[in-house]
Structures are given as C-alpha cells and as structure tokens.
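Asker:
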Amino acid sequence: MSASGGNRAIIAALGANLAIAASKFVAFAFSGSSSMLAEGVHSLADSGNQVLLLIGGKRAKKAATDEHPFGYGRERYVFGFLVSVVLFTLGGVFALYEGFEKVRHPHPVDDWYWPVGVLIFAILAEGFSFRTAMREAQDLRGSQSWVQFIRRAKAPELPVVLLEDFGALIGLVLALAGVGLAVLTHDGVWDGAGTLCIGTLLVCIALVLAAETKSLLLGEAAGPETVTAIRAAAVDHATVTGVIHMRTLHLGPEELLVAAKIAVRHDDTAAQVAAAIDAAEARIRAAVPIARVIYLEPDIHHGTAAPPGTAEQP
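By numbering that gives the first Met the number 0, the letter at position 46 of the sequence shown is numbered 45, and the numbering carries on one by one without gaps.
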C-alpha cells in the first residue's frame with residue numbers, strides 16, 4: 000500500500016469527521032435528539048481513530064534497534080487494533096446506552112430542522128470522504144472484490160477508513176430515519192430506536208476491524224501471488240534447482256521476511272553455493288521489492304516439501 004495514498008484518505012476522513020462532529024453537537028443542543036448525540040460521539044471517535052492511524056504510520060518509520068531488530072512496521076497494526084477498541088467503546092457502547100435511555104424515557108425531537116439539515120450535510124461530507132478512500136484503494140484492490148480487499152489487505156489504514164466511512168453513511172441514514180419517524184409520529188421512541196441501530200452497527204464494524212487487525216498482529220504470510228513470485232525468482236535451474244520449503248511473514252505492510260531452504264547441486268563448492276544464494280536473494284528482491292529480510296539455507300533435496308508451519312529435516 001502506498002503510505003501517501005493511505006494518508007490522503009485518512010486526512011480527508013479526519014477533516015470531514017471534525018466538521019461533522021461539530022455540526023452534530025450543535026444540532027443535539029438545539030433539538031435534544033439522542034440520535035444526534037450518538038452520531039456526534041461517533042464522529043468524534045472516528046476523528047480520534049484517524050489521529051491514531053496517523054500516529055501509527057509515523058511510529059512505524061522508526062529505524063530498527065537492537066531491541067527491535069526487525070523495525071517497528073507492526074506499529075501500524077497495533078494502532079489499527081486500537082481503532083477497533085475506540086470504535087467499540089466510545090462509539091458503539093455509548094450509542095447503545097444512549098438508545099436504551101431514550102427508549103425508556105422518550106421525549107419529542109425539538110426544532111427538527113436542525114438535525115435533518117445537519118444529517119444531510121453529514122451524508123454529503125461522509126460521501127466525499129468515502130469516495131476519496133475508494134479512489135485511493137482502487138489500484139491496490141485490483142480484481143478483488145471490496146470484501147476480499149478488506150480481508151486480505153496487509154496495510155490497515157485504507158480498510159479501516161473504508162469501513163468507518165461505510166458505517167458512518169449507514170449510521171447517518173439510520174439517524175435520519177429515527178429523527179424523521181420521531182417527528183412524524185411525535186414519539187421520541189423512534190429516535191431512541193435509531194440510536195440503538197447505530198450502536199449495533201458500530202459494535203459490528205468494530206468487531207470486524209478487531210478480527211482483521213488481530214490476524215495482522217499475530218503475523219500473516221504473504222499472499223499466494225507473492226509466494227509464487229518468490230519461488231519462481233529463487234530458482235535458476237542452474238545452481239538453485241528448487242525450493243524445498245519456504246516461510247514468509249509480514250513485518251509490516253511494506254516489509255516482508257522470507258526464510259527458505261533451497262536445493263543446490265551436491266557437487267557445488269562452497270563458493271558456488273554462496274554465489275548462488277547471493278544471486279537468488281537479488282532475484283527475489285527484484286521480483287518482490289518488499290522482501291527486505293531474506294534468509295536462505297542451502298541443502299540437498301531428499302524428499303517432499305514440508306507442510307505449512309513445520310520444519311523439515313534434511
């Protein structure tokens with residue numbers, strides 16, 4: 000993922016959410032709508048989330064140290080996981096609490112034109128943010144569906160912004176429906192029901208984000224296409240005749256560790272094997288530039304490849 004592309008989407012979302020949050024709190028002050036309060040807190044939480052993503056991106060650029068020899072690339076995953084926690088607690092749980100309170104103690108929505116006007120403005124602003132995120136993700140998505148892109152992306156920023164903006168748009172429609180029904184029926188229960196729906200939506204999105212970022216934190220291998228490219232680049236059929244087994248691990252969205260046992264000819268000298276390893280590393284880096292940490296172990300192939308997650312004995 001291009002870091003600049005991710006930052007553009009984050010900054011667009013941050014600007015939109017700050018403006019929307021201010022307008023929602025003003026509308027809540029005039030109307031007393033719980034949907035507007037929940038949506039205001041939602042936008043405030045989203046703004047904080049975008050700040051977290053920017054901080055994670057900056058911290059991930061720190062140079063490697065003796066204590067962290069593989070660098071800080073996974074900081075982006077850590078802060079992506081924090082986003083899901085904030086969205087769940089500050090956004091989802093608060094909205095559920097506010098919705099239950101409004102259903103138990105309903106009151107009519109005053110000055111309905113304030114929340115309606117703000118919600119229409121918010122839908123336009125969130126639509127702009129969502130469109131920016133989709134445009135930045137389009138080249139990276141390739142032929143994948145949007146669901147596949149969110150599931151398989153190794154960089155957390157664009158999937159997080161896409162899910163947040165999508166959830167915000169759905170939440171705004173729910174808030175508009177809740178306020179509209181409360182005004183038409185003169186029954187504030189509908190406003191509370193809309194708030195409950197918003198809370199449920201935010202909790203579901205937070206759980207999806209938590210599951211995806213947890214997987215990245217645990218450590219994910221490269222995608223099938225990348226693995227195929229690395230295997231093809233490693234073998235030259237002269238000195239390196241095959242890949243016995245290989246493990247890959249993302250140290251960050253743009254840094255990949257490759258560890259492989261390669262087959263060499265039994266009569267090659269040590270100098271020939273060393274040269275073959277150097278050449279194989281160069282070919283791998285040329286084919287997959289994010290493969291920055293490569294460990295190749297030469298061996299004579301005596302059997303079939305080891306299954307994933309196991310070590311093969313020579």
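The beta carbon of each residue, even a glycine, is placed where N, CA and C say it ideally should be. Please read these numbers as outputs of a predicted model, since none were measured by experiment.
1) Counting only runs of 4+ residues fully inside the segment 211–256, write out the alpha helix (DSSP H) ranges in chain order.
2) Thinking C-alpha only, which one of Leu171, Pro252, Lys23 is nearest Gly222?
3) Which runs of the alpha helix (DSSP H) fall wholly inside the segment 147–222 and span at least 4 residues, in chain order?
4) Starting from the N-terminal side, write out each stretch of the alpha helix (DSSP H) that is 4 residues or longer and does not extend beyond the segment 250–289.
5) In whole angstroms, what separates the C-alpha of Arg75 from that of Leu89?
6) Could you check where the alpha helix (DSSP H) with Glu66 kicks off and where it finishes?
7) With a threshold of 8 Å, are at least 3 pairs of Cβ atoms found where one atom belongs to the segment 228–240 and the other to the segment 195–213?
8) According to DSSP, what are the bridge partners of Ile293?
9) Should the segment 5–20 be called in touch with the segment 150–164, which here means at least 3 C-beta pairs below 8 Å?
10) Apart from the five residues on each side of it in sequence, which residues of its chain come closer than 8 Å, Cβ to Cβ, to Gly126?
11) According to DSSP, is Asp298 helix, strand or coil?
12) So which of Glu66, Asp109, Ile54 has the shortest CA-CA distance to Val82?
13) Count the other CB atoms within 10 Å of the CB of Ala181; is the residue buried (16 or more) or exposed (fewer)?
14) Residue range of the alpha helix (DSSP H) that Pro114 falls in?
15) Relative to the alpha-carbon of Thr227, which residue among Val242, Glu219, Lys61, Leu217 has its alpha-carbon at the smallest distance?
16) Please report how far the alpha carbon of Asp110 lies from the alpha carbon of Phe27, in whole angstroms.
17) Tell me the rounded alpha-carbon separation between Val287 and Pro105.
18) When the Cα atoms are used, what is the spatial distance from Asp45 to Leu216?
19) So, helix, strand or coil for Ser1, using DSSP?
20) Just reading off the alpha helix (DSSP H) that Leu86 is part of, what are its end residues?
21) In the DSSP assignment, find the unbroken alpha helix (DSSP H) run with Ala94 in it and report its ends.
Answerer: Quick answer:
1) 223–233
2) Against the sequence shown, residue 222 aligns to sequence position 223. The shortest Cα separation from Gly222 among Leu171, Pro252, Lys23 belongs to Pro252.
3) 156–184, 188–217
4) 269–286
5) Sequence index remark: in the sequence shown, residue 75 carries index 76 (1-based). Sequence index remark: in the sequence shown, residue 89 carries index 90 (1-based). In a straight line, the C-alpha of Arg75 is about 21 Å away from that of Leu89.
6) To locate residue 66, count along the sequence shown from 1; it is residue 67. Taken as a continuous stretch (DSSP letters only), Glu66 belongs to no alpha helix (DSSP H), as it is neither H nor E.
7) no
8) The residue labelled residue 293 in the question sits at position 294 within the sequence shown. According to DSSP, Ile293 bridges with Val257.
9) yes
10) Position 127 of the sequence shown, counting from 1, holds the residue named residue 126. So the list reads Leu168, once near-sequence residues are dropped.
11) In the sequence shown, residue 298 corresponds to position 299, counting from 1. Three-state DSSP puts Asp298 in a strand.
12) Here residue 82 corresponds to residue number 83 of the sequence shown, with the count starting at 1. The shortest Cα separation from Val82 among Glu66, Asp109, Ile54 belongs to Ile54.
13) Here residue 181 corresponds to residue number 182 of the sequence shown, with the count starting at 1. Looking at its Cβ environment, which holds 16 or more other Cβ atoms inside 10 Å, Ala181 is buried.
14) For the purposes of this step, residue 114 is identified with residue 115 of the sequence shown, where counting begins at 1. Element bounds for Pro114: 112–140.
15) On the sequence shown, residue 227 is found 228 positions in, with the first residue counted as 1. Selected option, being the one with the closest Cα: Val242.
16) Residue 110 sits at position 111 when you count from the first residue of the sequence shown. Residue 27 sits at position 28 when you count from the first residue of the sequence shown. Distance between the alpha carbons of Asp110 and Phe27: 10 Å.
17) For the purposes of this step, residue 287 is taken as the residue at position 288 of the sequence shown. For the purposes of this step, residue 105 is taken as the residue at position 106 of the sequence shown. Roughly 59 Å between the two C-alpha positions.
18) Here residue 45 is taken as the residue at index 46 of the sequence shown, counted from 1. Here residue 216 is taken as the residue at index 217 of the sequence shown, counted from 1. C-alpha separation (whole angstroms): 21 Å.
19) Counting from one through the sequence shown, the residue named residue 1 turns up at place 2. With a pLDDT of only 43 at Ser1, under the threshold of 50, the placement of this residue in the model should not be trusted, and no figure is reported.
20) The residue given as residue 86 occupies position 87 in the sequence shown. From DSSP, Leu86 is part of no alpha helix (DSSP H); its letter is neither H nor E.
21) As a position in the sequence shown, residue 94 is number 95, starting the count at 1. Counting along the chain, the alpha helix (DSSP H) containing Ala94 begins and ends at 93–103.
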